[in-house]
Structure formats: C-alpha cells, structure tokens
Amino acid sequence: MDSGLPGGQKPRVIVIAGCGYLGSELARQFAHLGDRVIGLVKSLDGTTAPDGVELQACDLTDRASLDAVAKHLETKVDVVVHCASTRGGDAEAYHNLYARGSEHLMAALQPKRFVFTSSTSVYGQTDGSEVDELSVTVPLRPTGDVLLEGEGLAVRSGGIAVRLAGIYGPGRSVVLKRFFDGTATIDEGVERILNQIHRDDAAAAIVHLVNYNASGVFNVSDDSQITQRALYSLLSLHFDRPMPDEAPRSLGKRRGWTNKAVSNRKLRSTGWHPKYATFMNAVEYDVHFVPSILAQTSGN
1 MDSGLPGGQK PRVIVIAGCG YLGSELARQF AHLGDRVIGL VKSLDGTTAP DGVELQACDL
61 TDRASLDAVA KHLETKVDVV VHCASTRGGD AEAYHNLYAR GSEHLMAALQ PKRFVFTSST
121 SVYGQTDGSE VDELSVTVPL RPTGDVLLEG EGLAVRSGGI AVRLAGIYGP GRSVVLKRFF
181 DGTATIDEGV ERILNQIHRD DAAAAIVHLV NYNASGVFNV SDDSQITQRA LYSLLSLHFD
241 RPMPDEAPRS LGKRRGWTNK AVSNRKLRST GWHPKYATFM NAVEYDVHFV PSILAQTSGN
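Start counting the sequence shown at 1; every next residue gets the next number (full-length UniProt numbering).
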C-alpha cells in the first residue's frame, strides 16, 4: 500500500493496546495510512482483526506477557496507544489496567511516543461551566483519579493524553437506544449538557495528534455542547416520537453525574475538525448509525 503518511514518512510500527470498539477503528485508520499495526487483545477467541492489522494476545497487567510481545515484534515501536477497557470494575481494576498497564507498555515496548486514552469524566464540575485542559480536575469517582495517573505517565514521557467525551457510533449510543426503547428521561430541575464524540472522529483525532507530533493533554469532543433536553427535542422532531418525561437525576452513574461543557478548542487549533460536528449530523449522515441502534431495541 502506498503510504498516506504526512511528508512522505516511512511506515511506522503502531501498537494499539486494546482493539475494542475504539481501538479497532483506530487500528483500521493507521493501517489505511500504510503503517504496520499490531493490535493487542486479551484473547484471540472470537476476535476479528481489521484489514491490515496483526493481532497478538496478551495481558496488559502482566509485564512478562508484554515482554513476550516485544520479543515477537523484533522491531522498534514508534507509537503505542493505550485504549483498552476494563469493562467495568473497581478502582483497583482500573489501576492495574491503566496505571500499571501503562508502565508495563512503556517499559516493555519502549515506544517513541505513548498515547493514553482518558475520559472527560476527570472533570467533576456540576454547574454547567465550560471546561478546557487547564480546568480543575476533581473526579467524582476513584476511577477518575486512576485515569489522571495514567495521563501523567503519558505526558511526562513526552506523549499524549486524550480526554474522550462519551463515545457513540454504529452499534453504540445510550442516548439513542433509550430514546427508541422508551426508557429515556430528562433530568428534572437542570439543563444538563451532554458531551459526546463519534467513534470515527475520536479515532481520527488520535491519528491526527500522532501525525501532528503533539504532546500534552487534549479534550476530544464534538462541537455541539448541547443540552439533554435540546437533543431529545431534536430527536423527537426528526423521528416524530414523543419527548421523554422528566425524572430525578441519576446520581449513581459509573462515571458520576456531572454537568459541564467540554471545550475542544485546543484540539481544533491543531487543524483537526470532526466529521460529525453534532450528534444529529451522525443521525442524518452516518448510514450505519441509526439502523444499528434500532436493531438493538423494540423500536425496530
């Protein structure tokens, strides 16, 4: 494949630690540029590699497992992106995967660049204020503190920490699924702001930052900063369905209940822009999105 890399660069060796919902798309985009891409997964059973991507089974919490991967590669690694998921778990599980896993990845693979995927949940603001990369980070859950630890490891190594808003896309959207199956509610007594990013745009942002030779912390969110009520109003009009009822806010969310507007200005200043600037853009123009969510609900 002809290299699509900036400036005619030679193909790089990219390791994607965690080829799940985001990681698979990220691996696909790097491979499309002509890079050699290795995806690390916990098990090869039932796992399908994107075209042009090599899969290796390993345990990110086990240094010996990663040493074996490094030995198998027999080449220097240019970039490691840590985007594995705990699929739930407590603060200890988060620490083992994100903090200790980051240390193991950097020590075993010794990449030139390390990218850590964090979350906008590290911002604990509940007053509807705008937050950027310089805003105070006081997570509402201990797991958020672990994400900040992982961010620090990446940034101190000269790498990148990306704080991802809520990821949605084909096959995944809590907002749209609940709207279709009738379980959606609007938090009463507050105009709560939703911060989201389409999976393909999240992956493209990471690829862009690597190609841009960026370092530091970047928020990755779309352009909308829309309220929960406003989004459901648009969905109701678009699909000719009733608005959800109001209900007391749910304070037991895994990421914690927050209300803030995440700024993506720093990321946009590097030349990146989202393909789907708003959630409704994806509803209208991502031909796979709506059908994939309808297929999961009783509204199909």
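Built from N, CA and C at the ideal position, the CB exists for glycine as well. Predicted model only: the values in this text are computed from it and were never measured.
According to DSSP, residues forming a beta bridge with residue i
| i | result |
| --- | --- |
| Q196 | G166 |
| L40 | A17 and Q56 |
| I293 | Beta-bridge pairing links I293 to no other residue. |
| E130 | A261 |
| G216 | I160 |
| A84 | Paired residue(s): none; A84 is not in a bridge. |
| V115 | V81 and I160 |
| R172 | G169 |
| E246 | I186 |
Beta-carbon spacing of residue i, residue j below 8 Å
| i | j | result |
| --- | --- | --- |
| A202 | L22 | yes |
| A204 | Q29 | yes |
| V146 | V115 | no |
| A31 | G52 | yes |
| D240 | T278 | no |
| A99 | G150 | yes |
| I193 | G144 | no |
| T227 | V162 | no |
Counted within 10 angstroms of its Cβ, other Cβ atoms place residue i as buried (16 or more) or exposed
| i | result |
| --- | --- |
| V174 | exposed |
| R199 | buried |
| H95 | buried |
| residue 315 | Outside the shown range of the chain, which is 1 to 300, sits residue 315, and nothing can be said about it. |
| A165 | buried |
| K177 | buried |
Presumed contact (8 Å Cβ cut-off) between residue i and residue j, rounded CB distance
| i | j | result |
| --- | --- | --- |
| I167 | I206 | About 12 Å separates the two Cβ atoms, so there is no contact after all. |
| T270 | A214 | 6 Å |
| F218 | L209 | 6 Å |
| V79 | P111 | 6 Å |
| L40 | L26 | Their Cβ separation, rounded to whole angstroms, is 12 Å, which puts L40 and L26 out of contact at 8 Å. |
Chain C contact for residue i (CB, 8 Å cutoff)
| i | result |
| --- | --- |
| V162 | Within the model displayed, chain C is absent; a lone protein chain is all it includes. |
Identity of the residue in the options nearest residue i by Cα
| i | options | result |
| --- | --- | --- |
| D62 | E74, M106 and E25 | M106 |
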